[in-house]
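Asks: My numbering applies: residue 5 is where the sequence shown begins, and numbers increase by one. Backbone N, C-alpha and C fix where the C-beta goes; we use that ideal spot for every residue, glycine too. As the structure is a prediction and not an experimental result, all values here were calculated from the model.
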Amino acid sequence: MSSVVLDFQNEIISSTSRLTDLLLKGLLIAKKLGLSEFESWLVYELEGYKSVESLPEYRKIHGGLYYYNPHIGKHRLAINDKELETVITTHQWFCQRKS
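1. Leaving out five residues before and five after Y72 in sequence, what residues of the same chain have Cβ atoms less than 6 Å from its Cβ?
2. State buried or exposed for L88, treating a residue as buried only when at least 16 other CB atoms are found within 10 Å of its CB.
3. Would you kindly report the start and end of the unbroken alpha helix (DSSP H) that includes G30?
4. Quick check on T20: does DSSP put it in helix, strand or coil?
5. Can you tell me whether N84 is helix, strand or coil according to DSSP?
6. Roughly how many angstroms lie between the CA atoms of D85 and E61, to the nearest whole one?
7. What are the partner residues of Y48, as DSSP defines its beta bridges?
8. For V8, I'd like the list of residues in its chain whose CB is within less than 7 Å of its CB, leaving aside the five on either flank, ordered along the chain.
9. Just to confirm, is the Cβ distance from K64 to T94 under 8 Å?
10. If we ignore side chains and look at the alpha-carbon of each, how far apart do G68 and R80 end up?
Written out as structure tokens, the structure reads:
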């Protein structure tokens, strides 16, 4: 089994490997080795996250709200309500694959 893992590592480094192929191969290895947490993560990445609450932090995109003043230039818009600011400036990216 170690040769499969080493081959997998080489494929990850290779610039010609497709992400979907890597995820599927990783899933196969995770099942064979009984790595349930890794297997679960791979399934989420392949099939999509079921809810916004289950999203990992790297799937959340944070931005800022700006306005342009022709005399002064670009400025960040101040929002005093932190909860509202988070709702406006955070995009939570997830998708569910249709069966």
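Replies: Per the coordinate set shown:
1. Within the sequence shown, numbered from 1, the residue matching residue 72 stands at position 68. The residues are K78.
2. As a first step, residue 88 is located in the sequence shown; it is residue number 84 there, counting from the start. Exposed.
3. Within the sequence shown, the letter at position 26 stands for residue 30. Unbroken alpha helix (DSSP H) run through G30: 23-37.
4. Translated into the one-based positions of the sequence shown, residue 20 becomes position 16. T20 falls in the coil class under three-state DSSP.
5. If you number the sequence shown from 1, residue 84 lands on position 80. Coil at N84, not helix or strand.
6. In the sequence shown, the residue the question calls residue 85 occupies position 81. In the sequence shown, the residue the question calls residue 61 occupies position 57. Straight through space, the alpha carbons of E61 and D85 are spaced by roughly 22 Å.
7. Counting from 1 along the sequence shown, the entry for residue 48 is found at position 44. Paired residues: none, contrary to the question.
8. Start at 1 with the first residue of the sequence shown, and residue 8 comes out as number 4. I33, listed in sequence order.
9. Taking the sequence shown and counting its residues from 1, the one referred to as residue 64 is at position 60. Taking the sequence shown and counting its residues from 1, the one referred to as residue 94 is at position 90. In contact: K64 and T94 (Cβ atoms closer than 8 Å).
10. In the sequence shown, counting from the first residue as 1, residue 68 sits at position 64. In the sequence shown, counting from the first residue as 1, residue 80 sits at position 76. Roughly 7 Å separates the two Cα atoms.
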